Each structure stands twice: as C-alpha cells, then as structure tokens.
Ligand code: ADP
Ligand code: MG
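Residue numbers (UniProt numbering): 1 to 632.
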C-alpha cells in the first residue's frame, strides 16, 4: 500500500455481499443482461453530465460528444464498457459500488428463497445494476474520473467480500469498466455477440454506443492489402431518443427494452401509452404500466414519478409532480418545451404548467388502464399488483372519481372467491329488480367477509354484496359513495334497507314481529347496559342468533382496528345489537330466568362481536359463561 496512490481495501456492505452471491447464483441463465445494465449506467452518466453542464459549460472541456464505447479482447478475455459521462469521485465510488442505499433492501433480501427462478424474478424487480457484471466476470476493474475533478479513481474487486480503491491518473473524464470474464463466459469477448446484445437491449439509448470496426483496404482487383488495416468507430445502436420517434416506427420490443432501461426493471411492462401533445402545452409522454409491483411500492421514500426531460435534456429521475400518488406505479418519460432547463423540484411544485400536465397525464394514465381492462388477463395481473394503490384514487382525486370507480375490481358474493375481478359495472348489470343500492361488507379477511352474518338475508334473497377485505377498503368506501347514480351501502351499518326488493307484506310482517318482541328487547338492553347503544330485532339474519351493527356515521370496525394498531386514539363507539327473532337461542332467551338471562344476553353479544372479527375485552369471562351454559 503506497500513500501516493492512497490505496485501501474496504469490505462490501453485508447486503451487497448477499445480493452478489444470490445474483450470481440465480441469474446465470440471464447473464447477458450485464451489458444492458452497464450501458444503462453509462447512458445515465452521460445524461447527468449534460444536466450539470447546463450551468457549467466547462465540464465538457474539449470533448462535448457524449458517447459509450464497447471493446473486447478475446485473448485476454475482457470486455470494456467506457463512457465520457459525469464519472465518479472517490466517495461516490465507495458509496455507489460498495453499498446499496435503497430503502427496503433488508426486507427484500429476506424474501429470497434460494429457488433460482423465483429469486431471479425478485432480483430483477429489485434492480440488478452494476453488480450484474459479476455474473460474467471474476474480477471487475472500474476506472473513473469525475468531470470536475483532477484525480481519477480505480476500483477493483473479485466480488467476494471486499474491493480495493486507489487514486490514479486518468486523462479523460468518465468511467471505464473492465470485466475480466470467467472461464465459462469468454463467449462474450466476441464482436458479433456484443453487437447483437447492444442492438437487442440498448438500441433506444440516445447516446451513441460505438464499437471498433477493423477494415482492410482492398486493391483494384479486390484483394486485401496486407498491413493496411484501419480501425474506425462505428455506432451500433439507433442512438435516437425513443420517445421522439413516431409511434409507427417504434417496435414493441423497442418499447419494452426502453421500459427496462428507465424503470430499472427486469420484466416486461403490461402496456404503454406514447403521446405527443402540441398546442398551448407542448410535451411528449411515454407512460408504462409495469408487470409487477416494485419492492418499494409502499415505502414512503420509494421511487415514483416520471423521468423528466426538457427538450431532450435529462433533468431528473422520479419527478413526482407529474402524476398523483395513487398512480405512483406508472413509470415513464415526459419531455417538454414548456419548462426551463434550470427547473428544480421546488420550482416544479409551484409551476402551473406542471399542474396542467399533471392532469393531462393523469387522464392518459387512466385511459391506458381502461384500455388494458379490455384484456382480462393483463388487467388482472395489473390489479393484483397495484389494485390497492389505485384504491387510494377516489380519496385523492375527486375529479376523476368516476373514471377510477370503473377501474376498481372486487370480490363479491356472486363469485364467492378471493380473486378481485368484478367491476362495479358488472355488479350493476346484475342488480335485482327494485334494488336501489350497491351493497358491500368490509372485514379483515376474505373469509370473515364471506361468512359474515350480515350477508344471510342477502344470500337468501339472491342480492349480491361486494366482499371487501383490503386494509384500504374502508378508506376507499368513505370516498366512493356513489356509482352510476346508485349509492353504495355498508350492510353492517345502520338499519337494513333493502328498498323495493322487499314487498309491502314482508315489511308489515316485520313490524308485527318487532312489536311482539318489544319486551325482550327492553330486557336485553337493561341486562347489557352501557355495552350497547341500542338493541333491536332484525330480519337480516337467517342462521345466526345475533349480530352487531354500527350507526350510519360511525367509524367502521376495520378502520378502528387499524387505528388502534397504529396507536391512534379512536372515538368510543358502542355497537347496536340486533337479534334474530326466529332463532332458537333467542326464543330460549325469552323464557330464561333472570340469573341466566344476563349471561345468555352477554354471550349473544360477545359471539356477534367475534363473528365480526372483533376482539373481546374479557375473553376469559366469555369462555366461562359459555362453559357454564354448556354444562348446565
Ligand atoms: P442504479 O443504476 O439503479 O442507480 P446501479 O447498481 O446500476 O444502480 O449503479 C449504482 C450507481 O453507481 C449509480 O446510481 C451511479 O451513481 C453509479 N454508477 C454506475 N455506473 C456508473 C457510470 N458508468 N458512471 C457514473 N456513475 C456510475
Ligand atoms: Mg443502473
């Protein structure tokens, strides 16, 4: 170790070691993607230089032709990827090539199972990036100089646990990555192979990707002239910003490859929408719906938003001002003439143009989903991955509430399966004659919803009920009160109102029963005292003896439990106990002696709470009472 070169050996962060190990193991059959990742990084580095040079022209020095170069040496078994982009300082090298800074990394690593195919997918979602070089190389050398620095840095590693870093002289700015190929990966040190990979994965990269081409001069008779070899650089990729090209000239494969570059995703997108807008606002957008949820979808600081360009100059990743939060899964690019090149995140927040673009892009994204919905299988994949994010929509975006409502999918008693694949329009098309409302129930799990006592009358009458069981559902429903002119009603709240589904006679019969049970109701209320808000008879039950309901405007059971779990104060609400007058237990209650009456009434209440998925304040007391009754 000499002080002159300031050489030191450092250990990788634990997460990097784990990731490297798993990646090498599970991505073996996809190993050619290393080139895409390194080119992608090189292109990002060129974008960053162009951006920083906006207010510091000097960064270009005498070399303003941004480019990526790929070379190989068959004999030595190396492949080199070089760029003249921004480069990295010593600190940046240590941070970027020695740690993983993404939030949620630890949780992500825990999900990996050692099963090759599953892990390959997960790692793909996480983003393989620079470290993918180690899938094909047993040693990687990075030589880099930041555009604004004098000193260069060399980083070397065998990908095993540590890396060595030293200061070097480097004349040109930018980064050069040299892969020393593993024995079984020497096939990549081949001109034909590399050219094919560049075209396959990196055609859409705007920066030219060049490779050397050696030609031998020929004499007049067409014979090669010995010793006349000339090597020139040849641009191998299309090298034009993909979104600038007319739609008709971009193939699906190119759209997909571009998605992988901007989204750092490994798998194909489900769909995309490419639009050029001219007029008062001028911009081009290319939006994608990913095929699966990224690992940080629910992280507060997870990446979201679009990649922003101003007149083809890259400005920033993750510009979140262009789409609402509930569309945070949408990835893409926006390129506009209407913003200044010096725009910052702070300025974006205040710019009225940005607001206009945001509402236009929101419509585009919703339209793209509407189109996707025509493909049942594709839409289901979307819904399974992002449905619970889209459900934030009605609360966040009142103006587009109807459009969002059309995109929602639910489990319902019609299918009785956990698959959320029924739309509100499907529901409405099946509504019974005389039915005015769309009914739903919210519970903690699908089974709790499906088996809720509240559904008994609905099942008996063949009236469909939406079975909601996502954490977000109560929040969603508190903002979605109407669809297609019909109100949405929680079957566990307020008085049961089946509207015109029930005939006059039925209603009268119910009133008669209610009258007949007035005494019982009074006695139960006295026995339960403050535990309940009210006691009444109901006809919503056919099999169960009792159930609890809330008043129309009370916070629902699900929301209460979520807030309690989060340690938030919850207003105290007492349930309404409803009794099924036809049930044997209720009949027995009527004839019970005073001392047993109280116990029996409490058991009915506790049972009803349990059936709702609720927790008893004193479960032991419930068990004791029940046992006493069983042995009596
Ligand atoms: P990502 O590209 O998703 O950020 P990578 O693992 O591919 O993750 O790269 C990690 C970081 O290393 C990049 O964000 C960048 O800061 C830095 N980096 C990688 N390659 C280069 C390069 N050629 N030039 C400059 N910086 C680079
Ligand atoms: Mg990368």
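The beta carbon of each residue, even a glycine, is placed where N, CA and C say it ideally should be. In this text, all values refer to a predicted model and were calculated from it rather than measured experimentally.
Next item on the list: For the stretch 237-248 and the stretch 96-114, state whether three or more C-beta atom pairs, one from each stretch, are separated by less than 8 Å.
Entry: no
Notebook entry, point to check: Taking all protein chains shown into account, do 16 or more other C-beta atoms lie within 10 angstroms of the C-beta of residue 492, making it buried, or fewer, making it exposed?
Noted result: buried
Notebook entry, point to check: Does the ligand MG have a heavy atom nearer than 7 Å to the CB of residue 206?
Noted result: No, since every heavy atom of the ligand MG falls outside the 7 Å radius drawn around the Cβ of residue 206.
Notebook entry, point to check: In whole angstroms, what is the alpha-carbon distance linking residue 425 and residue 443?
Noted result: Residue 443 has its alpha-carbon roughly 22 Å from the corresponding atom of residue 425.
Note to self: Measuring straight from C-alpha to C-alpha, what distance separates residue 589 and residue 292?
What the structure shows: 54 Å
Note to self: Using CA atoms only, rank isn't needed, just tell me which of 249, 7, 33 and 314 is closest to residue 167.
What the structure shows: 7
Notebook entry, point to check: If you count every other CB in all the chains shown that lies within 10 Å of the CB of residue 630, and 16 or more means buried, which is it?
Noted result: With fewer than 16 Cβ atoms within 10 Å of its Cβ, residue 630 is classed as exposed.
Next item on the list: Take the Cβ of residue 43 as the centre, count every other Cβ of all protein chains shown within 10 Å, and call the residue buried at 16 or more, exposed below.
Entry: buried
Notebook entry, point to check: Hey, is the stretch 185-193 in contact with the stretch 148-156, meaning 3+ C-beta pairs nearer than 8 Å?
Noted result: No, they do not touch.
Check: Using a threshold of 7 Å, is the CB atom of residue 44 nearer than that to any non-hydrogen atom of the ligand ADP?
Finding: It does: the Cβ of residue 44 is within 7 Å (strictly closer) of some heavy atom of the ligand ADP.
Next item on the list: Look at residue 441 and residue 465 and say whether their C-beta atoms are less than 8 Å apart.
Entry: yes
Notebook entry, point to check: Of the choices 472, 207 and 24, whose alpha-carbon is the least far from that of residue 388?
Noted result: 472
Check: Per DSSP, residue 555 forms a beta bridge with which residues?
Finding: Answer is none; residue 555 lacks a bridge partner.
Note to self: By the DSSP assignment, the beta strand (DSSP E) with residue 177 in it spans what residues?
What the structure shows: 174-181
Check: Just the Cα atoms here: how many angstroms apart are residue 263 and residue 287?
Finding: 11 Å
Note to self: Following a CB-centred definition, is residue 41 positioned closer than 7 Å to any heavy atom of the ligand NAD?
What the structure shows: With respect to the ligand NAD, the structure offers nothing, as its ligand set consists of the ligand ADP and the ligand MG.
Check: For residue 75, which option in 628, 66, 81 and 190 has the closest C-alpha, if you only look at C-alpha atoms?
Finding: Residue 190 holds the alpha-carbon nearest to the alpha-carbon of residue 75 among 628, 66, 81 and 190.
Item checked: Contact test: residue 261 Cβ vs the ligand ADP heavy atom, cutoff 7 Å -> no
Note to self: Looking only at its chain, what residues have a beta carbon closer than 7 Å to the beta carbon of residue 623, apart from the 5 residues adjacent to it on each side?
What the structure shows: none
Note to self: Taking the beta carbon of residue 345 as the centre, do at least 16 other beta carbons fall within 10 Å, making it buried, or is it exposed?
What the structure shows: exposed
Next item on the list: State the beta-bridge partners of residue 212 as determined by DSSP.
Entry: 233
Next item on the list: With a threshold of 16 other CB atoms inside 10 Å of the CB of residue 64, please say whether the residue is buried or exposed.
Entry: exposed
Notebook entry, point to check: Using the rule of at least 16 other Cβ atoms within 10 Å of the residue's Cβ for burial, across every protein chain shown, is residue 412 buried or exposed?
Noted result: That one is buried.
Note to self: Whole angstroms are fine: how far does the CA of residue 365 sit from the CA of residue 321?
What the structure shows: Their Cα atoms are separated by approximately 14 Å.
Checklist line | Straight-line Cα distance separating residue 587 from residue 632 | finding: 17 Å
Check: When you compare only the Cα positions, how much space is there between residue 578 and residue 485?
Finding: Rounded to whole angstroms, residue 578 to residue 485 spans 30 Å at the Cα level.
Next item on the list: Would you please state the rounded distance, in angstroms, between the beta carbons of residue 35 and residue 201? I believe it to be under 8 Å.
Entry: 7 Å
Note to self: I'd like the span of the alpha helix (DSSP H) that includes residue 258, first residue to last.
What the structure shows: 252-263
Next item on the list: Compute the Euclidean distance between the alpha carbons of residue 373 and residue 108, then round it to the nearest angstrom.
Entry: 30 Å
Margin query: Please tell me whether, using a cut-off of 7 Å, the distance from the CB of residue 298 to the nearest non-hydrogen atom of the ligand ADP is below it.
Written below: no
Check: From residue 615 to residue 564, what distance separates their C-alpha atoms?
Finding: 12 Å
Notebook entry, point to check: Okay, do the stretch 134-141 and the stretch 174-182 touch, 3+ Cβ pairs below 8 Å being the bar?
Noted result: By the Cβ rule, the stretch 134-141 counts as touching the stretch 174-182, because three or more pairs are nearer than 8 Å.
Margin query: Please report the straight-line C-alpha distance between residue 435 and residue 504, rounded to a whole angstrom.
Written below: 15 Å
Check: Can you tell me whether DSSP reads residue 130 as helix, strand or coil?
Finding: helix
Notebook entry, point to check: Of all the alpha helix (DSSP H) runs that stay within the bounds of the UniProt domain "Histidine kinase/HSP90-like ATPase" (30-185), which reach a length of 4 or more residues?
Noted result: 33-52, 90-96, 105-111, 116-126 and 133-136
Checklist line | 7 Å CB neighbourhood of residue 318 in its chain, flanking five on each side removed | finding: 303, 304 and 305, listed in sequence order.
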